[in-house]
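Numbering of the sequence shown is given in the UniProt record's numbering, commencing with residue 1 and proceeding in unit increments. C-beta: ideal position from N, C-alpha, C; glycine also. Notes for the one structure printed next.
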Amino acid sequence: MLQVSRLIAKGAGLAGALVKRAATVELDWDVRQKSRFYATDSLGRALGVFLPRGTVVRGGDVLVAQDGSLIRMIAAPQAVLRITQCAEHGTAFDLTRAAYHLGNRHVPIELQPDHLKIEPDHVLADLLRSMHLVVNPAHEAFEPEGGAYAAGAHDHAHGHDHGHEHHSH
C-alpha cells in the first residue's frame, strides 16, 4: 500500500504535464472531507492517505505518496440538491437568502453564481421550496465552502499575481 501524507493544493508549483500524467483517484465529498482514508487510484494501487487533521482534499489537489508518485484528486459526482431561483418571478436575492438560512444551520453548501448545491435532505428541500426556490436532485461533483474554521481557509498559492495585497486576520 502506498502511503500518502502530503497534499499540494491544486497542484500549485507543479508542471502541468506532470499533473496531467499523474494517476487519479475519484472520491465523493464524504471521503474527501476526512484527513485519513483508504482508496484505490486509477493504476489499481491501494492508497493509505494520512494527512494532518482537519485537511480537506478538493478536486484538482495533488496527493504525494512516500515514493514520490503523484495522484490527482477528482471530485466524484454524487447525489446533490441543485437550488436555483424561480425563472418566472425569482431574483438572485432569493439564493442569497437561502445561503443565509442554510449557513445558519451549518449545512455544507457549494456556492455558484447561479445556483447552490447541498447534500440531499428532504427537510431542507421543503424549506427551500417554501422560499419559492427550485430544488432539483442532481448527480454532480460537490465542493462545499470551507467555512471560517476550515484548515487552510485562506490559503492559496503565491506563485502568481492575483491583484490584491495580503494581510493578517
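If you follow the alpha helix (DSSP H) that residue i is in, where does it begin and where does it stop?
i    : result
A98  : A92 to N104
H139 : No alpha helix (DSSP H) contains H139, which is instead part of the beta strand (DSSP E) from L133 to E140.
V31  : W29 to R32
A17  : G16 to R21
What does the alpha-carbon distance come out to for the pair residue i and residue j?
i           : j    : result
K34         : F50  : 9 Å
Q3          : L47  : 6 Å
L111        : R58  : 15 Å
D30         : V123 : 20 Å
E26         : V64  : 15 Å
P52         : C86  : 42 Å
S5          : H132 : 45 Å
Y38         : G44  : 12 Å
H115        : S42  : 31 Å
G103        : G60  : 25 Å
residue 170 : K117 : The structure shown does not extend to residue 170, since the chain is modelled only from 1 through 169, so no value can be given for it.
T55         : A12  : 16 Å
K10         : V62  : 6 Å
G147        : L18  : 31 Å
residue 240 : I8   : The first residue shown for the chain is 1 and the last is 169, placing residue 240 beyond what the model contains.
Between which residues of its own chain and residue i is the CB-CB distance below 7 Å, once the five residues before and five after are set aside?
i    : result
V135 : L81, I83, A125, L128 and R129
For residue i, which beta-bridge partners are listed by DSSP?
i    : result
F37  : V49
G81  : Strictly speaking, residue 81 in this sequence is Leu, with Gly absent from that position. Partner(s): I118 and P137.
L111 : L116
L70  : V64
E26  : I74
Among the residues of its own chain, which have a CB less than 8 Å from the CB of residue i, if the five just before and after it don't count?
i    : result
P137 : A79, V80, L81, R82 and P120
Q66  : L2, Q3, V4 and S5
How far does the beta strand (DSSP E) with residue i in it reach, from first residue to last?
i   : result
L2  : L2 to I8
A65 : V62 to A65
Pair every Cβ in the stretch 139–149 with every Cβ in the stretch 69–84, then say whether three or more of these pairs are closer than 8 Å. yes
Assess, as a yes-or-no matter, whether the stretch 100–116 is touched by the stretch 60–73 under the definition of 3 or more beta carbon pairs within less than 8 Å. No: fewer than three Cβ pairs fall under 8 Å.
Does the stretch 14–31 touch the stretch 83–102, meaning 3 or more C-beta pairs lie closer than 8 Å? no
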